[in-house]
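Visitor: In order, the protein sequence lines correspond to chains A and B. Position 289 of the first sequence, counted from 1, bears residue number 290 in our numbering, the numbering being contiguous throughout. Position 252 of the second sequence, counted from 1, bears residue number 253 in our numbering, the numbering being contiguous throughout. Just so you know, even glycine gets a beta-carbon here, dropped at the ideal spot from N, CA and C. This one's a predicted model, so the numbers in the text were calculated from it and none came from an experiment.
2 protein chains.
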Amino acid sequence: MSEITKPTLDDVARAAGVSTATVSRCLNAPDRVIATTRERVMQAVEKLGYTPDFGGRALASRRTNTIGAIIPTMDNAIFARGLQSFQEALSKFGKTLLVASSGYDTAREREQMEVMASRGVDGLLLIGSARPASSVEFLRRRGIPFLGAWNLGDGDGCFVGFNNHAAAAGLTGKVLAQGHRRLAMIAGITHMNDRATDRKEGVQAAAELAGIGRDQLPVIEAAYSFDDAARAFGELMALSPRPTVVMCGNDVLAVGAMQKARELGLRVPEDVSITGFDDIDIAGVVAPKLTTVRVPHRRMGHAAAEMLVKLINKQPVERQIEIPTAIVERGTLGPPPADPQA
Amino acid sequence: MSEITKPTLDDVARAAGVSTATVSRCLNAPDRVIATTRERVMQAVEKLGYTPDFGGRALASRRTNTIGAIIPTMDNAIFARGLQSFQEALSKFGKTLLVASSGYDTAREREQMEVMASRGVDGLLLIGSARPASSVEFLRRRGIPFLGAWNLGDGDGCFVGFNNHAAAAGLTGKVLAQGHRRLAMIAGITHMNDRATDRKEGVQAAAELAGIGRDQLPVIEAAYSFDDAARAFGELMALSPRPTVVMCGNDVLAVGAMQKARELGLRVPEDVSITGFDDIDIAGVVAPKLTTVRVPHRRMGHAAAEMLVKLINKQPVERQIEIPTAIVERGTLGPPPADPQA
DNA sequence: AAAATCAGTGTAAGCGCTTACATTTGATGA
DNA sequence: TCATCAAATGTAAGCGCTTACACTGATTTT
């Protein structure tokens with residue numbers, strides 16, 4: 002059954018009594034073929050069940066209509082969500098999505114870039130801006146348009162994302178406004194991660210403006226897991242004087258912290274306040290609900306797709322598109338305890 | 002800068018002083034070339050920064066080393082997780098992953114199949130088994146090997162997944178063992194969704210064995226959202242007699258139900274028990290923690306990748322690989338209230 | 001020592017498609 | 001009526017790669 006050879010352009014051309022060029026044109030630029038002929042060709046296509054061969058098409062036209070995305074991991078809901086809408090938008094442009102993951106490792110990201118390049122992707126979606134210059138150089142050399150998403154960036158690349166720094170600073174403003182002075186932070190791993198770095202620095206910058214120096218703002222970095230966050234929270238709570246608020250680099254860390262708080266018999270927010278970042282599902286489900294920063298991943302995914310397609314078509318684009326974030330005030334941020342711990 | 006034409010096999014061959022065939026062999030079957038020659042060729046490859054052209058390769062070799070996956074949506078953590086490990090495993094086989102989404106719609110799934118086919122995928126990962134015969138027929142015609150994942154199935158297709166029916170029945174056993182007799186269920190939308198269907202029927206079958214007929218087991222179907230589940234839970238709680246346990250088709254529904262329970266002033270599990278399915282992150286984070294069924298998505302992703310690669314290489318495979326599930330007893334399932342509601 | 005074998009390499013024929021250019025056709029204007 | 005031109009279509013040259021087959025020289029077998 003699989004021995005029936007796939008029909009080719011030639012077969013269709015013969016069946017329709019035209020040349021292969023005409024068939025090709027019917028498929029790629031229908032208006033350059035007169036209606037009657039087109040009709041005939043399309044019938045032949047239908048009848049033979051013809052579909053163009055990808056390899057042949059890619060070889061001859063030098064484009065694949067394929068877009069690559071290299072993200073840290075789909076296990077992280079924020080990337081999964083963004084990628085989903087990116088893919089949806091892409092498919093409206095007739096492009097398909099090739100996915101690879103880097104596991105937050107720039108060396109692996111580079112490897113995947115090479116895979117993508119050899120796959121002939123027309124464009125590439127990357128996360129953030131923190132990567133060796135050589136990786137960027139590699140893409141430029143290859144002439145592959147690319148985009149950093151989920152954050153903004155400096156340099157001359159294109160970005161579609163959030164101002165993580167400003168959002169973190171904004172949230173810190175709310176924290177300070179509640180009267181907190183003893184802040185602490187559980188940040189994501191900042192090494193080669195500009196989102197985590199910006200969030201950390203946003204908090205630090207806002208605190209500094211309020212006269213709270215970096216030496217007075219303990220920061221522990223934790224991997225993207227409940228347990229690691231719980232451990233970090235434990236350490237922070239052992240500090241003296243004890244922080245009255247723990248700002249977390251993302252919601253997963255915040256929830257890990259909340260669990261540890263309960264374990265330690267600490268009430269949130271009466272004894273200690275906790276904030277998150279991302280507003281993933283989980284933030285609305287814990288008790289009390291998490292005060293966090295909403296990050297519109299879907300909107301970003303769409304915007305990224307649009308921008309990348311423009312880039313590929315060599316249409317002009319803005320260098321950066323900033324997607325606004327919003328602080329979601331729920332139940333985990335309150336004023337500091339009246340009687341600062343013994 | 003982008004005018005520097007990409008080096009081709011020919012360029013490499015010339016630079017290394019060999020024929021294109023030898024270069025090709027160095028890349029694809031290195032052991033068929035003597036070490037000294039290979040060395041020389043590899044140096045030329047390095048020096049020119051050569052990477053094979055995807056189109057040319059695909060055209061000549063009639064394979065793309067690309068695997069497609071059509072999933073309902075990456076927004077759902079269980080698919081995102083499984084896909085992540087599927088992709089990781091694939092990349093070890095030198096294959097890359099093309100992703101498309103169907104939005105739980107079989108017509109859209111079919112469209113995406115055609116996209117994938119025209120993309121020349123070597124194989125295809127599908128979810129479950131519920132789809133029109135014509136879709137399956139399409140793939141067979143095209144000679145594209147495919148696999149249903151996340152569930153087992155009948156017919157002659159290949160599957161890597163869970164026995165959703167048995168797992169749901171098993172959990173129902175636990176529920177009955179607690180003494181519950183008035184069961185209710187919030188199922189996922191079962192239309193064209195074999196996972197949701199099997200889970201529902203698993204519950205029903207187990208209940209029936211215990212003498213609880215379908216007419217005594219109210220089932221409401223709800224979309225994959227907290228709100229829809231909350232609404233359904235509300236309806237169920239308005240029933241008289243009121244169910245003492247509400248079994249949910251997945252964890253998202255269960256959490257939605259729990260939220261509504263709190264809203265209604267109902268304690269879980271003292272006033273009403275709730276169970277989930279999937280054991281996603283959220284299940285360990287709500288209070289009390291959710292009693293659910295653990296489904297090893299990562300393991301399944303890996304197994305699916307392995308099986309699909311075998312299928313592509315025409316190696317023998319088992320028709321079905323069942324990934325075991327496990328009941329996770331946490332805090333939301335208890336005995337029915339001693340004093341059945343007024 | 002001749003024959004058979006084999007490893008290493010080269011030659012060249014496509015794979016199925018797009019597209020620049022050539023050709024044909026019919027309409028238009030002088 | 002005939003040159004002119006545009007629209008529709010055909011011709012054919014690749015795109016960059018893989019691979020069947022041919023060739024060469026060395027090694028083994030008889």
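For Asp282 (chain A) and chain B, any beta-carbon pair shorter than 8 Å?
Guide: Yes - at least one Cβ of chain B is within 8 Å of the one on Asp282 (chain A).
Visitor: How big is the Cα-Cα spacing for Leu28 (chain B) and Val13 (chain A)?
Guide: Distance between the alpha carbons of Leu28 (chain B) and Val13 (chain A): 35 Å.
Visitor: Identify whether Met117 (chain B) lies in helix, strand or coil by the three-state DSSP scheme.
Guide: Three-state result, Met117 (chain B): helix.
Visitor: List the residues of chain A that Thr293 (chain B) touches, going by C-beta distances under 9 Å, in chain order.
Guide: None at all; the shortest Cβ gap to chain A is about 14 Å.
Visitor: For Glu89 (chain B), return the contacting residues in chain A, with the cut-off set at a CB-CB distance below 8 Å.
Guide: By Cβ distance, chain A contributes Ser102.
Visitor: Give me the chain A residues within the contact set of Thr97 (chain B), using Cβ-Cβ distance strictly less than 7 Å, ordered along the chain.
Guide: What Thr97 (chain B) touches in chain A: Leu99, Ala101, Val116 and Arg120.
Visitor: So is Ala36 (chain A) buried or exposed if we call it buried at 16+ other beta carbons inside 10 Å?
Guide: The residue in question, Ala36 (chain A), is exposed, as its Cβ has fewer than 16 Cβ neighbours within 10 Å.
Visitor: What three-state label does DSSP hand Gly149 (chain A) in the structure shown?
Guide: Strand, per DSSP.
Visitor: In chain B, which residues lie less than 8 Å from Val286 (chain A) when you measure between Cβ atoms?
Guide: Correct list: Phe227, Val256, Gln260, Ile283, Val286 and Val287.
Visitor: For Leu218 (chain B), which residues from the same chain have a beta carbon less than 8 Å from its beta carbon, with the 5 sequence-adjacent residues on both sides left out?
Guide: Leu184, Ala185, Met186, Val204, Gln205 and Ala208, listed in sequence order.
Visitor: When DSSP labels each residue in this structure, what does Arg39 (chain B) get in the three-state scheme?
Guide: Note: Arg39 (chain B) maps to helix in three-state DSSP.
Visitor: Going along chain A in order, which residues have a C-beta closer than 8 Å to the C-beta of Pro53 (chain B)?
Guide: In chain order: Ser119.
Visitor: Mind checking Asn314 (chain A): buried by the 16 CB within 10 Å criterion, or exposed?
Guide: When all chains shown are included, Asn314 (chain A) counts as exposed.
Visitor: Rank A:Ser119, A:Ala327, A:Arg39 and A:Phe87 by C-alpha distance to the C-alpha of Ala150 (chain A) and give the top, closest one.
Guide: Closest by alpha carbon: A:Phe87.
Visitor: In angstroms, rounded to a whole number, what distance separates the CA positions of Arg263 (chain B) and Gly285 (chain A)?
Guide: Spanning the two alpha carbons is a distance of roughly 14 Å.
Visitor: With a CB to CB cut of under 8 Å and the five nearest residues on each side skipped, what residues in its chain are close to Asp228 (chain A)?
Guide: Closer than 8 Å at the Cβ level, and outside the excluded window around Asp228 (chain A), lie Gly257.
Visitor: Looking at chain B, is there any beta carbon in it that lies within less than 8 Å of the beta carbon of Ser3 (chain A)?
Guide: Confidence is the limiting factor: at Ser3 (chain A) the pLDDT is only 40, short of 50, which leaves the residue's position unreliable and the question unanswerable from this model.
Visitor: Considering only the beta carbon of each residue, do Ser119 (chain B) and Phe55 (chain A) sit closer than 8 Å?
Guide: A contact, by the Cβ cut-off of 8 Å.
Visitor: Going along the chain, which residues of the region 61–83 of chain A sit with their C-beta nearer than 7 Å to a C-beta in chain B?
Guide: Taking 7 Å as the Cβ-Cβ cut-off against chain B, the residues of the region 61–83 of chain A that qualify are Thr65, Thr74, Met75, Asp76, Ala78, Ala81 and Arg82.
Visitor: Which stretch, first to last residue, makes up the alpha helix (DSSP H) that contains Met75 (chain A)?
Guide: Run containing Met75 (chain A): none; DSSP gives neither H nor E here.
Visitor: Report the three-state DSSP secondary structure of Thr292 (chain B) (helix, strand or coil).
Guide: Thr292 (chain B) falls in the strand class under three-state DSSP.
Visitor: Given that Gly356 (chain A) touches chain B, what residues does it touch there, using C-beta distances under 9 Å?
Guide: Summary: the structure shown does not reach residue 356 (chain A), with chain A confined to residues 2 through 343, and so no result is reported for it.
Visitor: Thinking Pro73 (chain A) and Tyr51 (chain A) are a contact (beta carbons under 8 Å), I'd like their distance in whole angstroms, please.
Guide: With a Cβ gap of about 40 Å, Pro73 (chain A) and Tyr51 (chain A) do not count as contacting.
Visitor: So, for Met43 (chain A): in the same chain, excluding its five sequence neighbours on each side, which residues have a beta-carbon less than 8 Å away from its beta-carbon?
Guide: Excluding residues within five positions, the ones whose Cβ falls inside 8 Å are Cys27.
Visitor: Quick one: what's got a C-beta closer than 6 Å to His298 (chain B)'s C-beta in the same chain, skipping five residues either side?
Guide: The answer, listed in chain order, is Ile79, Arg82 and Gly83.
Visitor: Would you identify the three-state DSSP class for Glu330 (chain B), choosing helix, strand or coil?
Guide: DSSP places Glu330 (chain B) in coil when its eight states are reduced to three.
Visitor: Within 10 Å of its beta-carbon, does Lys48 (chain B) have 16 or more other beta-carbons around it, so buried, or fewer, so exposed?
Guide: Flag for Lys48 (chain B) reads exposed.
Visitor: Assign Met6 (chain A) to one of three DSSP states: helix, strand, or coil.
Guide: A quick correction: the sequence has Thr, not Met, at residue 6 (chain A). Coil.
Visitor: Measuring only the C-alpha atoms, how far is Met259 (chain B) from Thr293 (chain A)?
Guide: Going from the Cα of Met259 (chain B) to the Cα of Thr293 (chain A) covers about 22 Å.
Visitor: On the DSSP bridge assignment, give the partners of Glu222 (chain B) in chain order.
Guide: Answer by DSSP bridge pairing, in chain order: B:Ala188.
Visitor: Would you mind telling me which residues of chain B sit closer than 8 Å to Ser135 (chain A), beta carbon to beta carbon, in chain order?
Guide: Per Cβ cutoff of 8 Å: no residues; Ser135 (chain A) is ~12 Å from chain B at best.
Visitor: Using a C-beta cutoff of 8 Å, does Ala343 (chain A) count as contacting chain B?
Guide: Since pLDDT at Ala343 (chain A) reaches only 42, below the 50 mark, its modelled position is unreliable, and the value read off the structure follows with that caveat. No, because no Cβ of chain B sits closer than 8 Å to the Cβ of Ala343 (chain A).
Visitor: Would you kindly work out how many angstroms separate the C-alpha atoms of Leu172 (chain A) and Ala131 (chain B), rounded to a whole number?
Guide: Rounded to the nearest angstrom, the two C-alpha atoms are 46 Å apart.
Visitor: Which complete beta strand (DSSP E) runs does the region 239–275 of chain B hold, if anything under 3 residues is left out?
Guide: Here the runs fully enclosed are 246–249.
Visitor: How is the beta strand (DSSP E) around Thr97 (chain B) delimited, first residue to last?
Guide: Per DSSP, Thr97 (chain B) belongs to the beta strand (DSSP E) from Thr97 to Ser102.
Visitor: With H, G and I counted as helix, E and B as strand and the rest as coil, what does DSSP make of Ile128 (chain B)?
Guide: Strand.
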